[in-house]
Amino acid sequence: MSQRPAIYKSLSTRYFTQPPQGGESNAETRLSQLAGYLTPTALFYIRNHTATPEIDLQTWTLQLEGDGLKRSVTLDLAALQALPQVSVIRAIECAGNARAFFAHDFGEPAEGAQWRSGAIGVAEWSGVRLREVLEQAGVRAEAISVLPEGLDEGRFARPLPLDKALADDTLIALAMNGEPLPLDHGAPARLVVSGWLGAASIKWLGRISVATHEQNTYWNTRDYTLAGPDYPAEGEADGIPITMMPVMSMPELDWPAELSPGRQVIRGRAFSGEGRVNRVEYRLDDGEWQPARLETPNLPAAWVRWSVSTELAPGEHKLRVRAIDEAGNVQPDQVPWNDHGCLYNAVIAWPLHVGDR
Numbered sequence: 020m021s022q023r024p025a026i027y028k029s030l031s032t033r034y035f036t037q038p039p040q041g042g043e044s045n046a047e048t049r050l051s052q053l054a055g056y057l058t059p060t061a062l063f064y065i066r067n068h069t070a071t072p073e074i075d076l077q078t079w080t081l082q083l084e085g086d087g088l089k090r091s092v093t094l095d096l097a098a099l100q101a102l103p104q105v106s107v108i109r110a111i112e113c114a115g116n117a118r119a120f121f122a123h124d125f126g127e128p129a130e131g132a133q134w135r136s137g138a139i140g141v142a143e144w145s146g147v148r149l150r151e152v153l154e155q156a157g158v159r160a161e162a163i164s165v166l167p168e169g170l171d172e173g174r175f176a177r178p179l180p181l182d183k184a185l186a187d188d189t190l191i192a193l194a195m196n197g198e199p200l201p202l203d204h205g206a207p208a209r210l211v212v213s214g215w216l217g218a219a220s221i222k223w224l225g226r227i228s229v230a231t232h233e234q235n236t237y238w239n240t241r242d243y244t245l246a247g248p249d250y251p252a253e254g255e256a257d258g259i260p261i262t263m264m265p266v267m268s269m270p271e272l273d274w275p276a277e278l279s280p281g282r283q284v285i286r287g288r289a290f291s292g293e294g295r296v297n298r299v300e301y302r303l304d305d306g307e308w309q310p311a312r313l314e315t316p317n318l319p320a321a322w323v324r325w326s327v328s329t330e331l332a333p334g335e336h337k338l339r340v341r342a343i344d345e346a347g348n349v350q351p352d353q354v355p356w357n358d359h360g361c362l363y364n365a366v367i368a369w370p371l372h373v374g375d376r
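Count the sequence shown with my numbering and you get residues 20 to 376, in order.
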């Protein structure tokens, strides 16, 4: 396995890019360029903690090991492809999505890439259930923890509880939107962990350890946690390890948006972790909250498209949108500070500049 320089895409109609740090690749989807329900692979956001590795498909293997398994097993790509194949439509969202708004709310930026709203995408992922793969090694009754590890330079790894690892929609994905996984999205194999933070969906999968004890790493104890004055430390972690993503909505607009006066249709997306969104409401300037129209499909652990039709006068306006999910969770007006800048899902006052014509 060799390393190649990370590919950084320039500011364009496809991406906003984040400054590279230590070999990272960070490219944010411009939601204003999305048309259909799925995010095209070429537009899907990129979050890689180190340079994207090059992996030889002919020699790549997946190692299954640990005291939670009855035996150690090594599988190659052909062995995975020979198992029953399934497809799911699911979102993957960075836990730091919308992190830039911490600086807006608190006057200082939280640590990490300063995403606005485009560190999320929904794709059709195809491959094999993680459960089917682990069964090749036999899961012991005493097993409680599953630790997948990537083949990137930093060996990114983050644990899953056994029940989440064995869920029907936790996959080892080999394809994305009907095509083999691209390198920047984890080829040849990556996890897809429905409804959880993107860091759980390990890319460039090379090893899975199943244990009868807790397995922790830096990435669930010192990062991708809710840490700060409002969050107590849990166990080895500096705060509360993040799992499921919260309810959130955003318009398919650039920041700030440039619009024409008159009747306009504004579209957007809303989502909520493992569930689905029941309602989206919008508010223009100081007006009352009004219902947005929900489109179809509305899939769990993915998103729903919404639209509003509103009259816009020339000048500066603010659009606010909030989502309510099937469990009754409402997108909040504000969120408390956390040191890692994760899980920002407050209602955002989106600036609209409406020209004279």
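Virtual Cβ for every residue (Gly too), placed ideally from N, Cα, C.
Three-state class that DSSP yields for residue i in the structure shown
i, result
"R312", "strand"
"N45", "strand"
"S91", "coil"
"N297", "strand"
"L202", "helix"
"D124", "helix"
"K337", "strand"
"S21", "Model confidence at S21 stands at a pLDDT of 33, short of 50, so the residue's coordinates are unreliable; what they give is reported in the following sentence. Residue state, collapsed to three classes: strand."
"Q237", "The sequence as given places Tyr at residue 237; Gln does not occur at that position. Helix."
"V354", "coil"
"R150", "helix"
"D375", "coil"
"D344", "strand"
"T329", "strand"
"L96", "helix"
"L57", "coil"
"Q52", "helix"
"L81", "strand"
"A230", "strand"
"S31", "Residue confidence is low: S31 scores 45 on pLDDT, short of 50, so the model does not pin down where it sits. Its coordinate-derived value is still stated next. Residue state, collapsed to three classes: coil."
"A132", "coil"
"A70", "coil"
"L318", "coil"
"L62", "helix"
"C361", "coil"
C-alpha gap between residue i and residue j, whole angstroms
i, j, result
"R160", "D273", "Just to set this straight, residue 160 is Ala in the shown sequence, not Arg. Their backbone Cα atoms lie some 50 Å apart in a straight line."
"A129", "G85", "37 Å"
"R23", "C361", "Low confidence applies here, because R23 scores a pLDDT of 28, under 50, leaving its location unreliable; read the following figure in that light. So the alpha carbons of these two residues sit roughly 29 Å apart."
"L102", "W223", "19 Å"
"W308", "L338", "11 Å"
"R298", "K89", "47 Å"
"R376", "P280", "6 Å"
"E300", "A342", "6 Å"
"A184", "S213", "10 Å"
"V373", "P275", "10 Å"
"T48", "Y64", "5 Å"
"L81", "Q234", "19 Å"
"S29", "P260", "With a pLDDT of only 35 at S29, under 50, the local geometry of the prediction cannot be trusted, and the value read off the model is given with reservation. Using only the alpha carbons, I get a separation of about 33 Å."
"I285", "E271", "7 Å"
"A122", "T78", "45 Å"
"Q133", "F120", "8 Å"
"L278", "R118", "25 Å"
"P199", "H336", "43 Å"
Distance CB(residue i)-CB(residue j) smaller than 9 Å
i, j, result
"G287", "V266", "no"
"L62", "G173", "no"
"P251", "W356", "no"
"V152", "L99", "yes"
"L193", "Q155", "no"
"A311", "V349", "no"
"L170", "G254", "no"
"G137", "L57", "no"
"V105", "V147", "yes"
"I227", "P167", "yes"
"V211", "R302", "no"
"A162", "G87", "yes"
"M269", "I367", "yes"
"G205", "S145", "no"
"L149", "L202", "no"
"T69", "F175", "yes"
"G347", "P319", "no"
"H359", "A256", "no"
"R177", "I221", "yes"
"V229", "V296", "no"
Beta-bridge pairing of residue i - partner residues as DSSP gives them
i, result
"W215", "M263"
"F290", "M267"
"A194", "S145 and P199"
"G169", "L224"
"N116", "DSSP lists no partner for N116."
"P180", "S164"
"P370", "K337"
"L303", "L338"
9 Å Cβ cutoff, residue i in contact with chain B
i, result
"R295", "Structure shown: chain B not included; a single protein chain is present."
Original post:
Any chance the stretch 321 to 334 sits against the stretch 229 to 240, with 3 or more Cβ pairs inside 8 Å?
Top reply: no
Original post:
Is there contact here, the stretch 106 to 114 with the stretch 212 to 227, by at least three beta-carbon pairs under 8 Å?
Top reply: yes
Subject >> Given 8 Å, three or more beta-carbon pairs between the stretch 317 to 324 and the stretch 362 to 372 >> reply: no
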